[in-house]
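Peer 1: Starting off with a structure, shown below.
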Amino acid sequence: MLCYMYYVLISQFDAAKLRKFRPSFKENGGTVTAGNASSISDGAAASIRLHS
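Following this line, the structure appears as structure tokens:
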């Protein structure tokens with residue numbers, strides 16, 4: 001198993017734009033939005049889909 005660390009650097013961060021995104025999952029409290037979701041999770045979902 002190969003493990004590595006992956007970080008995403010944001011060069012043009014704008015907090016005002018992040019506040020405009022609405023929560024994706026309102027049923028459970030609604031804290032995850034398109035602006036604060038982990039890009040690592042996005043890649044994992046794509047990998048699972050490719051292998052299934």
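full-length UniProt numbering puts the sequence shown at residues 1 to 52.
Using N, Cα and C, we set each Cβ at its ideal position, and we do this for glycine too.
1. Measure the CB-CB distance between Ala-34 and Phe-13 and report whether it falls below 8 Å.
2. Among Asn-28, Ser-24, Gly-29, which residue has its Cα nearest to the Cα of Ala-37?
3. Helix, strand or coil for Arg-19 per DSSP?
Peer 2: This is what the structure holds:
1. No, the Cβ-Cβ distance between Ala-34 and Phe-13 is not below 8 Å.
2. Of the candidates Asn-28, Ser-24, Gly-29, the one whose C-alpha sits nearest the C-alpha of Ala-37 is Ser-24.
3. Looking at Arg-19 - three-state DSSP - the assignment turns out to be helix.
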